[in-house]
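Q: Structure below; questions to follow.
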Amino acid sequence: PEPGLIMDLLLYLSREYPKGGDYFRDRLRAAFARNKAVEDPKQIKALIARGEYMARELEALYYLRKYRAMKKCYYED
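So for the sequence shown, the UniProt record's numbering puts the first residue at 1; every next one is plus one.
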């Protein structure tokens, strides 16, 4: 995967971020700008892997939030 695809995916996932999409988008852009000058292929792979990890973590966060909301609706504690 390319860094641009990772950024697009993370921007898409940021729409439902708990602190708001604007907060996430600003931090995402800052992170990409901070690493813009990286040219070492190993470091680029590591940064891409970290971006993919963040995407998976966001998806897990959203699934957990959805699960908790459904559990709250259908079950009493």
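Where a beta carbon is used, it is the ideal one built from N, C-alpha and C, also for glycine.
Looking at residue 21 and residue 27, is the spacing between their C-beta atoms short of 8 Å?
A: On the sequence shown, residue 27 is found 27 positions in, with the first residue counted as 1. On the sequence shown, residue 21 is found 21 positions in, with the first residue counted as 1. Not in contact: residue 27 and residue 21 (Cβ atoms no closer than 8 Å).
Q: Tell me whether residue 10 is buried or exposed, calling it buried when 16 or more other Cβ atoms sit within 10 Å of its Cβ.
A: Working through the sequence shown from its first residue, we reach residue 10 at position 10. Burial call: buried.
Q: Do you know how far the Cα of residue 75 is from the Cα of residue 67?
A: For this step, residue 67 is matched to residue 67 along the sequence shown. For this step, residue 75 is matched to residue 75 along the sequence shown. Taking the straight line from one Cα to the other gives about 11 Å.
Q: In chain order, which alpha helix (DSSP H) runs of at least 4 residues are fully inside the UniProt domain "Complex 1 LYR protein" (10 to 52)?
A: Correct list: 21 to 34.
Q: What number of angstroms, rounded off, separates the C-alpha of residue 13 from the C-alpha of residue 41?
A: Stepping through the sequence shown from its first residue, residue 13 is reached at position 13. Stepping through the sequence shown from its first residue, residue 41 is reached at position 41. For residue 13 and residue 41, the distance between alpha carbons rounds to 26 Å.
Q: Assign residue 51 to one of two classes, buried (16 or more other C-beta atoms within 10 Å of its C-beta) or exposed (fewer than that).
A: In the sequence shown, the residue the question calls residue 51 occupies position 51. Buried, because 16 or more other Cβ atoms sit within 10 Å of the Cβ of residue 51.
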